[in-house]
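Step one of this worksheet: look at the structure below.
Put into structure tokens, the structure is as follows:
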């Protein structure tokens, strides 16, 4: 180390500049196509959304952004591909909040750790679920649903598209919030679930205007409330759960977002974050998000890291209390 104070100062400045350059994206990034690996099948809502963002990001980065679908195995195929990729900004991983928050409790041998194996880039969108009941249900409010569940422990049923699905966990969350016990009825497919709600085979479920599909559009089911902090645009007539006589602060929703392999340079992460945030603000993207009742949800990587922690903390007690295991 130089002995002269001036030389020491110059040396320190050079080291700081070198460190900053190492973390920056650099003028050469990206020099080739960027890949986003997703666990969702082609045509599913999150996949459609991701392709919309990828198209915008292609224009921003000046390189093709490719979506690679690797569905199956609870997302493990996609996450393993991302985990093994080089931390150079050319591979991103697409996850939703349930992958992040529930799988650490559902699987004894989880082949990845979202906090140890990946760095957050940004969430993309979030959405909230509606309480869906048959059109002819006598329940007019959430207070009616809760009162029925308290009067008949185990007698009120709710359906889901599978054990540990958002609809199942949301039902457990409502039971915990109201001190009730209801009967969970899992289905293999969401279309079958919503048809069963429409004919009254189950009393209620969680869904969206998109997932409820034809039975919602034909008026065979209706929305009792929305499990959100406030009423949603386009559905102002539907009260929140709290406004409809249910538990205060009851929210069931989800978000999905992008991660990179651990150790990806901070400058690259920042460039991706800014490019994605800009893409989500584009008017045509906003219009497309609205058709899925999605809300743009971009944030800085450090804030997304806190969001991940919150998601993991939220679902632990619910899953452990119900003793749910998927392996």
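In the working numbering, the protein residues as written are 3 to 329.
Using N, Cα and C, we set each Cβ at its ideal position, and we do this for glycine too.
- Selection 209, 185 and 179 evaluated against residue 193 yields 209 as nearest (Cα-Cα).
- The residues 99, 125, 128 and 299, in chain order, have a CB closer than 6 Å to that of residue 257 in the same chain once the five nearest residues on each side in sequence are set aside.
- For residue 211, the uninterrupted alpha helix (DSSP H) segment begins and ends at 211-219.
- By alpha-carbon distance to residue 225, the top candidate from 200, 249 and 110 is 200.
- A residue is called buried once 16 or more other Cβ atoms fall within 10 Å of its Cβ, and residue 75, having fewer, is exposed.
- Counting only runs that start and end inside the segment 88-165, the alpha helix (DSSP H) elements of at least 4 residues fall at 99-108, 116-119 and 144-153.
- Measuring C-alpha to C-alpha distances from residue 212 to each of 303, 130 and 58 identifies 130 as the nearest.
- In the three-state DSSP reduction, residue 312 falls in the helix class (H, G or I).
- Bridge partners of residue 71 according to DSSP: 40.
- Here residue 224 is bridged, per DSSP, to 135.
- A distance of 8 Å or more separates the beta carbons of residue 247 and residue 140.
- When the beta-carbon positions are compared, residue 79 and residue 38 stay at least 8 Å from each other.
- Spanning the alpha carbons of residue 264 and residue 313 requires a straight line of approximately 19 Å.
- Classified as exposed, residue 191 has fewer than 16 neighbouring CB atoms from the shown chains inside 10 Å of its CB.
- Taking all protein chains in view, the Cβ of residue 101 is crowded by 16 or more other Cβ atoms within 10 Å, so the residue is classified as buried.
- Sequence-distant Cβ neighbours of residue 290 in its own chain, meaning closer than 6 Å and more than five residues away, are 54.
- Collapsing the DSSP output to three states places residue 301 in coil.
- Under DSSP, residue 186 shares a beta bridge with 160.
- Taking all protein chains in view, the Cβ of residue 30 is surrounded by fewer than 16 other Cβ atoms within 10 Å, so the residue is classified as exposed.
- Across the set 218, 260 and 327, the C-alpha of 218 shows the shortest separation from the C-alpha of residue 137.
- In the same chain as residue 163, and ignoring 5 residues on each side of it, the C-beta atoms closer than 7 Å to its own belong to 169, 189, 191, 192 and 195, in chain order.
- Beyond the five residues adjoining it in sequence on each side, residue 88 comes within less than 8 Å, by CB distance, of 263 in the same chain, given in chain order.
- Burial state of residue 304 is exposed, judged by a 10 Å Cβ sphere holding fewer than 16 other Cβ atoms.
- Around the CB of residue 68, fewer than 16 other CB atoms lie within 10 Å, so the residue is classed as exposed.
- A contact is defined here as three or more CB-CB pairs under 8 Å, and the segment 151-161 fails this definition with respect to the segment 309-329.
- Residue environment: residue 266 is assigned as buried (16 or more neighbouring CB atoms within 10 Å of its CB, all protein chains considered).
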